[in-house]
């Protein structure tokens, strides 16, 4: 397999989403220049990215087959096999993720949720059953859960990380603000909405200041 | 104001969330070493970060006042004044964001939502009214909306960006996979869940390969 960068990896799901939209509209071929125009990247960037994942190089004047590109990117990203996942912590954010239907298209299958609140244990949210925390170990082991999505309060996250790893989880999608310490071989990917919004608001303030001093 | 980096800016909301939790537990003082232990960063990093935002330098053996630090960070991040925002595109993701209650603590007030689907126009989601797209310009102008949260289909995003900017929006929180082209002075911050998940899954695959070759 060709080498690729983290930035390239981040763009492949973007290409995939766009190509699936083309497929659904009945479009059969596309090209780097057309994709560049629609997605806002440069042609050169897209051409190099596609060389990493695509098996053929396309036909001059026709471009690449949309179905083939979808297949190539899905294979590259490992979307062929859905990875079983659970959500731990069913507050507003956890509930929102359980209600979001897009994860199946991203290779992750949310199978269940866990929380300690007796008012929601036993209910279903977004079609997924909510279990009590006492069931966590049994469920992860029996179902072979690989990804735990963390939407728990910050102070619970580190201890919980150690527990789920012991039960067999190998990856944590961490929506808490905590920087988790895990043993080698365990993967953590952080999402922080507050940090993203803080960057947005600060860029706005900067932009305002520049306007005033003009 | 002291200089700060993008990485520092991303950490201030994390400190703020933690400090608010301390406050709610009745804790009145804390220190860089204590925060370092809880949050998983180094003491030196936290000490330097706090020097950017905090007005006093704390008392030896006592640390810094929690309330004062909250106040300093909220002021720094501009959370004193809630920025009015709307969500455009009420699919699963847009609906999830409308149901999430955490944005008020991050300085953003979601006031309404916009969509073209007649089945949801006129309803309320997460307590926010859903308007038809024909109301977009009037609403943004009359309410002085500054942030537009984009959860529309990819192919609609670029044209929509040009429209909302014309109506007076100065910042787009972009949850679509499109790289938006906007004029100078307009701020775009991208969130891409598919890219984050792709990084997670790929790191997992890498980690598996390393385990097998041991």
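Protein chains in written order, with the working numbering: chain A, 1 to 214; chain B, 1 to 214.
From the three backbone atoms N, C-alpha and C, an ideal C-beta is built for every residue, glycine too.
Being a predicted model, the structure only gives us computed values, none of them experimental.
- With respect to the 8 Å criterion, residue 98 of chain B and residue 143 of chain B are not classified as neighbours on the basis of their beta carbons.
- Pairing residue 122 of chain A with residue 112 of chain A, the inter-Cα distance amounts to about 11 Å.
- For residue 196 of chain B, the C-beta contacts it makes with chain A under 7 Å involve 189 and 191, in order along the chain.
- For residue 69 of chain A, no beta strand (DSSP E) run applies; the uninterrupted alpha helix (DSSP H) run containing it begins and ends at 66-77, by DSSP.
- Using a 10 angstroms sphere on the CB of residue 159 of chain B, the tally of other CB atoms stays under 16, which defines it as exposed.
- As for any beta strand (DSSP E) of minimum length 3 sitting wholly inside the stretch 1-74 of chain B, there is none.
- According to DSSP, residue pairing for residue 162 of chain B in a beta bridge does not occur.
- Each residue's CA atom was taken as its position, placing residue 195 of chain A and residue 62 of chain A some 43 Å apart.
- Here residue 64 of chain B has 58 as same chain residues with Cβ atoms under 6 Å from its own Cβ, once five neighbours each way along the sequence are excluded.
- In the structure shown, the three-state DSSP call for residue 110 of chain B is strand.
- Distance check between residue 119 of chain A and each of A:8, A:207, A:130 and A:197 places A:130 closest, using alpha-carbon atoms only.
- Ranked by Cα distance from residue 154 of chain A, the options A:24, A:86 and A:192 are led by A:192.
- Contact annotation: the stretch 196-204 of chain A does not touch the stretch 176-183 of chain A, with fewer than three C-beta pairs closer than 8 Å.
- Interface criterion not met: the Cβ of residue 104 of chain A is under 8 Å from no Cβ in chain B.
- Judged by their CB atoms, residue 4 of chain A and residue 52 of chain A are nearer to each other than the 8 Å cut-off.
- When the Cα atoms are used, residue 93 of chain B and residue 79 of chain B turn out to be separated by approximately 25 Å.
- Annotated three-state conformation of residue 206 of chain B is helix, per DSSP.
- The beta carbon of residue 139 of chain A sits closer than 6 Å to no other beta carbon from its chain once the five residues preceding and following it are set aside.
- For residue 186 of chain B, the closest of B:124, B:162 and B:206 by C-alpha to C-alpha distance is B:162.
- Residues of the stretch 91-102 of chain A whose Cβ lies closer than 8 Å to any Cβ of chain B, in chain order: 92, 93, 95, 96, 97, 99, 100, 101 and 102.
- Annotated as proximal: residue 167 of chain A and residue 137 of chain A, with beta-carbon spacing under 8 Å.
- Chain-order list of chain B residues neighbouring residue 40 of chain A: 158, 178, 179, 180 and 181, by C-beta distance under 8 Å.
- C-alpha of residue 108 of chain B to C-alpha of residue 68 of chain B: approximately 22 Å in a straight line.
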